[in-house]
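Report on the structure given below.
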Amino acid sequence: MKPAVKKVHSTYRISLAPYSVWSLLFVIVPLIFIAYYAFTDNNFNFTTEHITRFFTATSNLVKDDGSTQEVRTYLLIFFRSMKLAVISTAVCLLMGYPIAYIMARAKEKTQKTMVTLIMIPMWMNFLIRTYAWMTILQDTGIFNGLISAIGLGPVRIIGTEAAVIIGMVYDYFPYMVLPIYSILAKLDTRLLEAARDLGCNSISVLRRVIFPLSLPGVISGITMVLIPSVSTFYISQKLGNGKFFLIGDAIEGQYVANNLHFAAAIAFILMVILLALMAIVKYVTSKYVYGGD
Amino acid sequence: MKLSSKIYSAVIFGFLFAPIAVLLVFSFNEAKSLSVFSGFSLKWYDELIHDSNTLEALSNTLILAASATAISTIMGTFAAVGINKLRTKWYRSVMNTVTDIPMTNPDIITGISLMLMFVFVGRLFGASSSLNFGTMLIAHVTFCTPYVILQVLPKLQQMDSSLPEAAMDLGCTPMGAFLKVELPEILPGIITGAIMAFTLSLDDFVISYFTAGTGFETLPIRIYSMTKKTVSPKMYALATIIFFVTLSLLLISNVVDNKDSRKLRELQKSQKQ
Numbered sequence: 001m002k003p004a005v006k007k008v009h010s011t012y013r014i015s016l017a018p019y020s021v022w023s024l025l026f027v028i029v030p031l032i033f034i035a036y037y038a039f040t041d042n043n044f045n046f047t048t049e050h051i052t053r054f055f056t057a058t059s060n061l062v063k064d065d066g067s068t069q070e071v072r073t074y075l076l077i078f079f080r081s082m083k084l085a086v087i088s089t090a091v092c093l094l095m096g097y098p099i100a101y102i103m104a105r106a107k108e109k110t111q112k113t114m115v116t117l118i119m120i121p122m123w124m125n126f127l128i129r130t131y132a133w134m135t136i137l138q139d140t141g142i143f144n145g146l147i148s149a150i151g152l153g154p155v156r157i158i159g160t161e162a163a164v165i166i167g168m169v170y171d172y173f174p175y176m177v178l179p180i181y182s183i184l185a186k187l188d189t190r191l192l193e194a195a196r197d198l199g200c201n202s203i204s205v206l207r208r209v210i211f212p213l214s215l216p217g218v219i220s221g222i223t224m225v226l227i228p229s230v231s232t233f234y235i236s237q238k239l240g241n242g243k244f245f246l247i248g249d250a251i252e253g254q255y256v257a258n259n260l261h262f263a264a265a266i267a268f269i270l271m272v273i274l275l276a277l278m279a280i281v282k283y284v285t286s287k288y289v290y291g292g293d
Numbered sequence: 001m002k003l004s005s006k007i008y009s010a011v012i013f014g015f016l017f018a019p020i021a022v023l024l025v026f027s028f029n030e031a032k033s034l035s036v037f038s039g040f041s042l043k044w045y046d047e048l049i050h051d052s053n054t055l056e057a058l059s060n061t062l063i064l065a066a067s068a069t070a071i072s073t074i075m076g077t078f079a080a081v082g083i084n085k086l087r088t089k090w091y092r093s094v095m096n097t098v099t100d101i102p103m104t105n106p107d108i109i110t111g112i113s114l115m116l117m118f119v120f121v122g123r124l125f126g127a128s129s130s131l132n133f134g135t136m137l138i139a140h141v142t143f144c145t146p147y148v149i150l151q152v153l154p155k156l157q158q159m160d161s162s163l164p165e166a167a168m169d170l171g172c173t174p175m176g177a178f179l180k181v182e183l184p185e186i187l188p189g190i191i192t193g194a195i196m197a198f199t200l201s202l203d204d205f206v207i208s209y210f211t212a213g214t215g216f217e218t219l220p221i222r223i224y225s226m227t228k229k230t231v232s233p234k235m236y237a238l239a240t241i242i243f244f245v246t247l248s249l250l251l252i253s254n255v256v257d258n259k260d261s262r263k264l265r266e267l268q269k270s271q272k273q
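Listed in order, the protein sequences are those of chains A and B.
When we follow our numbering, the leftmost residue of the first sequence carries the number 1, and every step to the right adds one.
When we follow our numbering, the leftmost residue of the second sequence carries the number 1, and every step to the right adds one.
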């Protein structure tokens, strides 16, 4: 390499240096700190008690009929988080795919307007969005007012799992629609014509051509909704009346109570599980979407 | 568009905008009720502009967002230039992975991890409280920079790489070639990145919540503590103002964008002729 070229390359190295150091100090090292806190006690001696506590701690769950049942506290919270997140993600996909498809098929000008309309709620803080639903779904709220007026209500929604799911779906809906839309909008329409020429009806074009081609968008939509819904706090506090503690609420609760080591342990377990989930998604994608057939 | 498509779109957008409409309407309600509209009044807005805590939180948020945007835009742009030129394969993939981490990790993990480190380091130096404006700024720069890189990198990849080389052949220093040739080419990416960084910083609650000191309250943290206690339509007034400010920002950036693409189309037309 000529000296001049070498000099140019070292200049580029230098321009990357601040970010490299920053990422090491404030991205990599903090993640190591989660593991460090998770496996140490208050005096920073090694212990697995926090991890064990996550799997073994028990408490008494009061059921609706007043009876109590002993449950594994944090395992229950964890599976509840997974369940609500998976349901919310599925609802987002079922509601979002059709609208993404309609958007991709609309005129260019309409497409732009619709994208902006989908994005506008994202510009409101999620605390405010969640709070708005709280006032709508309250026992004396607008929703109950409306359905009472047509003689159906009132129904108790706030404080149920349904309310938490509505909140999650509303907060993360755009993250599902936008990636799917961006793939569908770029889809080569000649492929659809070809499929039709070869004898596909509309449903089989959708099932055998459009949907498989849009899978990368579907998968990034699923991850972009699943990850924040699994780890959210606040939504369940506001819409679930604090009855449906989620894993994010558990971390926040331990942080507020200044149990930093246990908070770190829960965060560590959440991180490991999410990494495993992502690896599965990646494996399935590479095999199913890019691997052929 | 078919009728069924129109109906479905109306239902979806109704779902998306119903809560916002509720906020808007009830921010003008005379009574404190959040279900019965009893008359038009501006009293919640009046209360809001006399609420010194909220105003201070607003100015804190703007100061933090502006500082975080400045640092992350400069650092992110230089980083993108560096990553674009990396020839070492493993270094490049390490940088890509590291850039992905703050974007894919849940906010709560990012927040907790930074908080634990700040508390640990603070304890080492014997500080009584280790969280302050500085720690929040570090946290915001950390989650904003990847978005700047993500906006700038494609512009660099689209650019003809022989341009800066030609500039250097003609006697420019590498820095001169960067400032005079590369920078104007990638400027749109830098601006979009900066806007993204600014809005992400403004909007962030979770990471701020874990890294904020007691003395420094941003608007989302203020909203959080306001909604913990009893409900006040003052919140709605605040939300309405935020909504119209962001809406006008969005419209302005759309108009600028449209002008840009119109110019581009005219340019392409004239090139064809």
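Ideal Cβ positions, reconstructed from N, Cα and C, are used throughout, including at glycine.
Per DSSP, the continuous alpha helix (DSSP H) segment holding R53(A) begins and ends at E49 to T56. Excluding five sequence positions before and after I165(A), the CB atoms of its chain that fall closer than 8 Å to its own CB belong to L84, I87, S88 and V91, given in chain order.
Per DSSP, reduced to three states, the secondary structure at Q138(A) is coil, with no helix or strand assignment.
Inclusion of T145(B) and S72(B) in the CB contact set at 8 Å is warranted, their separation being smaller than that value.
Cβ contact annotation for H50(A) (same chain, cutoff 7 Å, sequence separation greater than five): A38, H261, F262 and A265, in chain order. By a beta-carbon distance limit of 8 Å, V119(B) contacts S130(B). Their separation comes to about 5 Å. When Cβ-Cβ separations below 8 Å define contact, N125(A) makes contact with chain B. DSSP links T40(A) through a beta bridge to F46(A). The residues A65 and T69, in chain order, have a CB closer than 7 Å to that of F198(B) in the same chain once the five nearest residues on each side in sequence are set aside. As computed with DSSP, T68(A) is found in a beta bridge with V62(A).
With at least 16 other beta carbons inside 10 angstroms of its own, A80(B) counts as buried. In the structure shown, F118(B) falls within a helical segment according to DSSP collapsed to helix, strand and coil.
In this structure, I101(B) and R92(B) do not form a Cβ contact; the two beta carbons are roughly 15 Å apart against a cut-off of 8 Å.
Here N29(B) carries a strand assignment [DSSP, helix/strand/coil].
A distance below 8 Å separates the beta carbons of I180(A) and A100(A). Close partners of K229(B) in chain A (Cβ separation under 7 Å) are lacking, with about 12 Å as the shortest Cβ gap. DSSP, read as helix, strand or coil, puts F40(B) in strand.
Within 9 Å of the CB of Y8(B), the CB atoms of chain A belong to P98, I99 and I102, in sequence order along the chain.
In the displayed model, H50(B) falls within coil according to three-state DSSP, outside both helix and strand.
Taking 8 Å as the cut-off between beta carbons, the residues of the region 261-278 of chain A near chain B are A263, A264, A267, L270, M271, L274 and M278, in sequence order. Residue environment for E108(A): exposed (fewer than 16 other C-beta atoms within 10 angstroms of its C-beta).
Judged by their CB atoms, F78(A) and M117(B) are not nearer to each other than the 8 Å cut-off. At least one CB atom of chain B sits nearer than 8 Å to the CB of S15(A). Unbroken alpha helix (DSSP H) runs of no fewer than 4 residues, entirely contained in the region 155-195 of chain B, are found at 162-169 and 174-177, following chain order.
In the structure shown, the three-state DSSP call for T88(B) is coil.
Nearest CB-CB separation between V255(B) and chain A: not below the 8 Å threshold. At a cut-off of 8 Å between C-beta atoms, I136(A) counts as an interface residue with respect to chain B. For F54(A), same chain residues with a beta-carbon under 7 Å away, outside a window of 5 residues either side, are Y74, A265, I266 and I269 in chain order.
In this structure, DSSP gives T218(B) a state outside helix and strand, which the three-state scheme calls coil. Taking 8 Å as the threshold, the shortest C-beta distance from D160(B) to chain A does not fall below it. Counting only residues of its own chain and dropping the five nearest sequence neighbours on each side, I108(B) has a CB closer than 6 Å to the CB of V206.
Using beta-carbon distances, P121(A) counts as an interface residue toward chain B, with a partner under 8 Å.
Interface annotation for the region 43-54 of chain B against chain A: empty, criterion Cβ-Cβ distance under 9 Å.
Comparing alpha carbon positions, the residue from T61(B), I190(B) and L58(B) closest to M75(B) is I190(B).
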